[in-house]
Amino acid sequence: MDNEYGDTENIWFSSNNEYNGTKASNWPMVLKDNTLNWIDMYNSKSSTSIIIATEMILAHKLFNITNKTVIGIPNNIDKDLILSIVKRMNASEVFLYLDRYTILHTSGSICENVTLALEEQNIKFEFRVALTETNLENKLEEDLGKCKDKKIA
Numbered sequence: 385m386d387n388e389y390g391d392t393e394n395i396w397f398s399s400n401n402e403y404n405g406t407k408a409s410n411w412p413m414v415l416k417d418n419t420l421n422w423i424d425m426y427n428s429k430s431s432t433s434i435i436i437a438t439e440m441i442l443a444h445k446l447f448n449i450t451n452k453t454v455i456g457i458p459n460n461i462d463k464d465l466i467l468s469i470v471k472r473m474n475a476s477e478v479f480l481y482l483d484r485y486t487i488l489h490t491s492g493s494i495c496e497n498v499t500l501a502l503e504e505q506n507i508k509f510e511f512r513v514a515l516t517e518t519n520l521e522n523k524l525e526e527d528l529g530k531c532k533d534k535k536i537a
C-alpha cells in the first residue's frame, strides 16, 4: 500500500473481522527457485536451514532478496502443519522472520503454534524482526553469512 492503514503498510487479505478483509483458509505458501524440484526439496536427506516468514508479503520480500526457499505462514497456522513442512524439509534450523503487525497483534499465536512446536521437536530457531527494508536486508546478509557452510533450502 502507498499509505499506512492503521499501523501497517501491508493490508490483510484474510481477516474477515477487518475492513475489506475476507475469510481465508490456514495454508502456508512455499516460494522456491524454479530450478528446485518439489520432490527433491521434500525428500532431501541433508539437513537444511529454512526461512519462515509471518505474512505472505514479507515472504515475497525475503524470497526476492535471497532467491532461497521461503515459507510464508499465516499468523494462525496450525502447529502440526508447520511441523510437517519443517520435518519434510529436514530442517535443523529455522530463521523465523516476523513483521511489525505480527509482533504487535498476533505474536501470541505465533509463539504457541510455531516456536513452542519447534522447541518440542528440538529444532533450533532464531527470531528476526523485519521492521524496514534496510533492517530486513541486513539481517538476511547476516544470516546467510552464518550459514555459508550449511545448506539453506
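The opening position of the sequence shown corresponds to residue 385 in our numbering, with each subsequent residue numbered one higher.
Where a beta carbon is used, it is the ideal one built from N, C-alpha and C, also for glycine.
Beta carbon of residue i nearer than 8 angstroms to that of residue j
i      : j      : result
Ala501 : Ser433 : no
Ile435 : Lys452 : yes
Val454 : Leu446 : yes
Inter-residue CB distance, residue i and residue j (contact presumed, cutoff 8 angstroms)
i      : j      : result
Glu510 : Leu480 : 7 angstroms
Asp490 : Asn459 : Per the sequence shown, the amino acid found at residue 490 is Thr instead of Asp. Correct: roughly 4 angstroms between the Cβ atoms.
Of the residues the options, the one placed nearest residue i, counting alpha carbons only
i      : options                        : result
Val431 : Arg472, Thr499, Ser493         : For clarity, residue 431 is Ser in the given sequence; the question names Val instead. Answer by Cα proximity: Arg472.
Trp411 : Asn448, Ile469, Asn418, Gly492 : Ile469
Ile449 : Val498, Gly492, Ser491, Leu415 : Leu415
Val513 : Ile461, Gly456, Thr438         : Thr438
Ile494 : Ile457, Ile507, Lys508         : Ile457
CA-to-CA distance, residue j to residue i, given in whole angstroms
i      : j      : result
Asp417 : Leu488 : 31 angstroms
Lys327 : Leu442 : Residue 327 lies beyond the stretch modelled for the chain, which goes from 385 to 537, so this question has no answer here.
Glu477 : Tyr485 : 24 angstroms
Gly492 : Gln505 : 19 angstroms
Asn335 : Leu420 : Past the edges of the chain, shown from 385 to 537, lies residue 335, and the structure says nothing about it.
Glu496 : Glu503 : 11 angstroms
Where are the beta strand (DSSP E) runs, 3 residues long or more, that stay fully inside the region 456-525, in chain order? 475-483, 508-514
Runs of alpha helix (DSSP H) lying entirely within the region 404-457, each at least 4 residues, in chain order: For the region 404-457, whole alpha helix (DSSP H) runs of length 4 or above, ordered along the chain, are 422-426, 440-450.
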